[in-house]
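Per this note's numbering: the sequence shown = residues 1196 to 1453.
Here's the structure, in structure tokens; my notes come after.
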Amino acid sequence: MKTGSGIVACSKNIDFVNDLCADGICCFMSIPRDQTHLGISKIFLKRRNASYGIKLLYTALQAKDIVYNPCKCLEFYLKEFNTPAGPAIKVLLRCGIFGKKCRPYPCKEFPDKADSFMHDVPAPCIYNEYLAPTDYIALKHKQIFHLYFAIRDDHKLLKKIAPGFATEEIRRKLNLCENVFKISAAWNEKPSEYFLLEVPKLACVLYTSKVHPRIESIKQAYNLWQGHIESWLEKHYGSKWQNRLERAIENESATSRK
1196 MKTGSGIVAC SKNIDFVNDL CADGICCFMS IPRDQTHLGI SKIFLKRRNA
1246 SYGIKLLYTA LQAKDIVYNP CKCLEFYLKE FNTPAGPAIK VLLRCGIFGK
1296 KCRPYPCKEF PDKADSFMHD VPAPCIYNEY LAPTDYIALK HKQIFHLYFA
1346 IRDDHKLLKK IAPGFATEEI RRKLNLCENV FKISAAWNEK PSEYFLLEVP
1396 KLACVLYTSK VHPRIESIKQ AYNLWQGHIE SWLEKHYGSK WQNRLERAIE
1446 NESATSRK
């Protein structure tokens, strides 16, 4: 069921690798350069299918598109389902290092511990912000952004992400889906065609805990991650960041009272 914010509600949480987040976004946007979070073991780890041509596209109206490559260990699969508007495709993601105990420390402790990943102060994960109220996103990121899975139209990749189907059949299904469209792009590589599938907003796959609850409001998020949010606001608004924050919280409170 879709809520007013575009977030799909679920009747129960998805059981995904114990208590880990199932959206997979941090496996694109939060991995360190050269994937140092995998340590020396990255030499021996099997390369999973997402690394053969899956990317994550961050796009906004007044910003330059940013393209992210996945972690070497990310697995990516397509699943077809029917909707009243016709066939559609959804994505299934999981870490190839199955099981929490054998996952790298940065991954299994993120985002609960401040020293676990890319930040040195407590911060929400990007998927939590993707699900957040638009007022929060507009204040902190200065614009509403969208995320898309970009699937390169490549024979070998398509067979890897949809096992059991012929390549032409996969292409046909993707071209028929109402939630998929195709573009041509050159992202630091030779020009290729990509199928774009918008990342769904699924509240039930977000990992939450006492120190990483779902973002419900600007005030709540600021109280939880003050240092992190202040640094972003100062970057965007300079010396006026505090006035912007106070005004946004006042507007939010006034709206909630109506």
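Backbone N, C-alpha and C fix where the C-beta goes; we use that ideal spot for every residue, glycine too.
All of these numbers come straight from a predicted model, not from anything done at the bench.
Per-residue burial, HIS1341 [other beta carbons within 10 Å of its own, 16 or more giving buried]: Classification for HIS1341: exposed.
LEU1326 vs LYS1396 beta-carbon contact at 7 Å: It is a contact, given that the beta carbons lie within the stated cut-off.
Three-pair Cβ contact test at 8 Å for the region 1428-1437 versus the region 1354-1364: Flag = no, the region 1428-1437 and the region 1354-1364 do not touch.
Enclosing beta strand (DSSP E) for HIS1341 [first to last residue]: Its beta strand (DSSP E) spans residues 1341-1347.
For ALA1380, the first and last residue of its enclosing beta strand (DSSP E): Taken as a continuous stretch (DSSP letters only), the beta strand (DSSP E) holding ALA1380 covers 1375-1380.
Simplified DSSP state of ASN1264, which is helix, strand or coil: Shown here, ASN1264 sits in coil according to DSSP, grouped into three states, outside any helix or strand.
Reduced DSSP secondary structure (H/G/I, E/B, other) of GLU1441: In this structure, GLU1441 counts as helix in the three-state DSSP scheme.
Reference TRP1382; option with closest CA among ASN1374, HIS1423, CYS1221 and LYS1250: Comparing Cα-Cα distances from TRP1382 to each of ASN1374, HIS1423, CYS1221 and LYS1250, the minimum goes to LYS1250.
Alpha-carbon to alpha-carbon, PHE1376 and ALA1283: When rounded, the distance between both Cα atoms is 11 Å.
Burial state of GLY1359, where buried means 16 or more other Cβ atoms lie within 10 Å: Around the beta carbon of GLY1359, fewer than 16 other beta carbons lie within 10 angstroms, which makes this residue exposed.
Terminal residues of the alpha helix (DSSP H) in which TYR1325 lies: If you look at TYR1325, you'll find it in the alpha helix (DSSP H) that goes 1321-1325.
Alpha-carbon spacing of SER1404 relative to ASP1307, whole angstroms: As the crow flies, the alpha-carbon of SER1404 is around 8 Å from that of ASP1307.
Member of ALA1449, GLU1411, LEU1371 and ASP1349 whose CA lies at the smallest distance from the CA of LYS1385: Nearest of ALA1449, GLU1411, LEU1371 and ASP1349 to LYS1385, Cα basis: ASP1349.
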